[in-house]
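Residues 2 to 394, numbered by this note's numbering, are exactly what the sequence shown covers, in order. C-beta: ideal position from N, C-alpha, C; glycine also. These notes concern the structure reproduced below.
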Amino acid sequence: MEQTTIERVDSLPLLIAWMDQMQIAQTIDQHWQPHRGWTGLSYGQLTVLFIAFVLQQREHRLSYFADWLQQHQHVIHATTGWTLGPKEGTDDRLGILLQTLGSNAETLQAFHQQHGQHLVHAYTLPTDVARYDTTSFNVYHAPPEPGQRDHALLRFGFSKDQRPDLLQFKQALGTLDPAGVPLISQTLPGNGGDDPLYVPAWREFVRILGHTNFVFVGDAKAACLRTRATIAHGAGRYLFPLPMTGEVPTLLRQWVPRPPTAIRPLHLPTSVDDPTLREAGKGFSTWRHMQTTVEDGTVVTWRERWLVTYSPQQAQQQQERLHTRLARATAALQKLRPKAGERAAAVLERADAILAQHRVEGLIQVTVQETAITQRRSGKRGRPAADTVVVIK
């Protein structure tokens, strides 16, 4: 009697087809060759199926992969022509695969370059704007063994989630605008800073794209003077928001009341779906001559264009947040009571801590006064007699 089995197709053929167009399996197999005892699917083929499993099931646990393969073996064979062995997706094989792909940084970098170049040429992607950003992820893992700490990705570091007690790793992503196509993906130790990452990322973009004629966009952590100088020295372009440190606050206090150039309106870019020109704010630009020493000791001098912009929407949001902080700080100050025997300086110190907590220093003035209270005591019980000695405290 013939037995009928039913397999869910879902998005599996589509995912595999897209990865086939991206040549993921072919590129991986060019850079990583399995050892002699490896049989069945190649590293590239197994990687494609594991990526499809993660995307379709939203699941990354290795032990679930083998059952998923068994449940979709006919769909996979019909889509790819690959024959799946009985132990094709065991967690041991996946562990070997993942360890191999992540063990050699130079090979991984070469893979990213070739894969990124293929995406740019295959899909004729625009290469005018490239973005790079990092974030950290906390994990509930045991600390690495002493002999593994020098090479471990999970480290203790500054936690943006206010959980310094948890291990974390850092993930970096470099994409192309406007589609957000990822070209650079890096998993980094969680105890490092972001500043040293931007110059290598820019150089990686240059190798992938084959030119420096693109705008490299990053956050304020990318605006380190040496980073900007290195990119300018390499004939690159960048767009970074400057942090409110150093000479920046002083320059803004000079420029904003008396702009050095004419103020111009700023408009949002139009699109085919929305061709209406919408004003987003106003601003002005000015040029500054910059000079610093880069990593190899070269003194770099270049002209830098500074953009000073004003957004009514952002200003309104900042005002609302400021009023909220002022209200919360005022409420906390009104609840402040002196402790027994506490002097005015100690109370004022606690009040200053409240102002710092709500970031309203200099916006609320706190005054603490000490009032001396004089008490007459006889030192004995009952009403004092006329000749009783009175002690004044």
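Check, Outcome
"Considering only DSSP beta bridges, list what Thr287 is partnered with.", "Trp307"
"Taking DSSP as the reference, what is the three-state secondary structure of Thr231?", "helix"
"With a threshold of 16 other CB atoms inside 10 Å of the CB of Phe159, please say whether the residue is buried or exposed.", "exposed"
"Suppose the cutoff is 6 Å on Cβ atoms and the five residues either side in sequence are ignored; what does the same chain contact list for Ser43 look like?", "Asp30"
"Could you name the residues of the same chain whose beta carbon sits closer than 6 Å to that of Asp21, not counting the 5 residues immediately before and after it, in chain order?", "none"
"Across which residues does DSSP place Gln187 in a beta bridge pair?", "Ala173"
"I'd like the list of long-range same chain contacts for Val207, defined as Cβ closer than 8 Å, with 5 residues on each side in sequence excluded.", "Thr213, Gly235, Gly237"
"Along the chain, where does the alpha helix (DSSP H) containing Arg326 start, and where does it finish?", "313 to 335"
"Which residues in the same chain have their Cβ closer than 6 Å to the Cβ of Arg279, if we skip the five residues on either side of it in sequence?", "Leu269"
"I think Ile365 touches Thr331, with their Cβ atoms under 8 Å apart; what is that distance to the nearest whole Å?", "7 Å"
"Going by CA-CA distance only, name the one from Thr80, Leu70, Ala79 that's closest to Lys88.", "Leu70"
"Tell me the residue span of the beta strand (DSSP E) that contains Pro127.", "Unbroken run through Pro127: none, as it is neither H nor E."
"From the DSSP output, which residues share a beta bridge with Tyr239?", "Phe217"
"Contact defined as beta carbons within less than 8 Å: I believe Ala131 pairs with Phe215. What is the distance between those atoms, to the nearest angstrom?", "5 Å"
"Is the beta carbon of Tyr199 closer than 8 Å to that of Thr228?", "yes"
"Indicate whether the contact test is met: 3 or more Cβ pairs, each with one atom in the stretch 278 to 295 and one in the stretch 303 to 322, closer than 8 Å.", "yes"
"Quick one: residues in its chain with C-beta nearer than 6 Å to the C-beta of Ala233, no 5 flanking neighbours on either side, listed in chain order?", "Trp303"
"Determine the DSSP secondary structure at Ser104, reduced to helix, strand or coil.", "helix"
"With a threshold of 7 Å on Cβ separation, who are the neighbours of Leu16 within its own chain once the five nearest residues in sequence on each side are excluded?", "Ala53, Leu56, Gln57"
"What is the rounded straight-line gap between the Cα of Tyr133 and the Cα of Asp166?", "28 Å"
"Give me the Cα-Cα distance between Ile97 and Gly284, rounded to the nearest whole angstrom.", "55 Å"
"Need the endpoints of the alpha helix (DSSP H) that Ala250 sits in, please.", "Just to set this straight, residue 250 is Pro in the shown sequence, not Ala. Here the alpha helix (DSSP H) through Pro250 covers 249 to 256."
"Out of curiosity, what's the CA-to-CA distance linking Gly282 and His324?", "22 Å"
"Report the residue from Trp288, Leu85, Leu95, Gln370 whose alpha carbon sits nearest the alpha carbon of His61.", "Leu95"
"Grab me the residues of Thr108's own chain with a C-beta within less than 6 Å of its C-beta, minus the 5 sequence neighbours each way, in chain order.", "His32"
"Go through its chain and collect everything with a Cβ distance to Val367's Cβ below 8 Å, but skip five positions before and after it.", "Leu334, Leu349, Ala352, Asp353, Leu356"
"For Gln46, name the three-state secondary structure that DSSP assigns.", "helix"
"Sort Ala67, Gln74, Phe51 by Cα distance to Ile406 and report the nearest one.", "Summary: the structure shown does not reach residue 406, with the chain confined to residues 2 through 394, and so no result is reported for it."
"Could you check the C-alpha separation between Gly82 and Arg9 for me, to the nearest Å?", "18 Å"
"Report the rounded CA-to-CA distance for Thr287 versus Leu253, giving the unit in angstroms.", "12 Å"
"Could you check the C-alpha separation between Lys161 and Ser137 for me, to the nearest Å?", "8 Å"
"When the Cα atoms are used, what is the spatial distance from Ala173 to Leu243?", "20 Å"
"By alpha-carbon positions, which one of Val249, Leu210, Thr251, Asp196 ends up nearest to Thr231?", "Asp196"
"Taking DSSP as the reference, what is the three-state secondary structure of Pro201?", "helix"
"Is the separation between the beta-carbon of Leu184 and that of Leu102 shorter than 8 Å?", "no"
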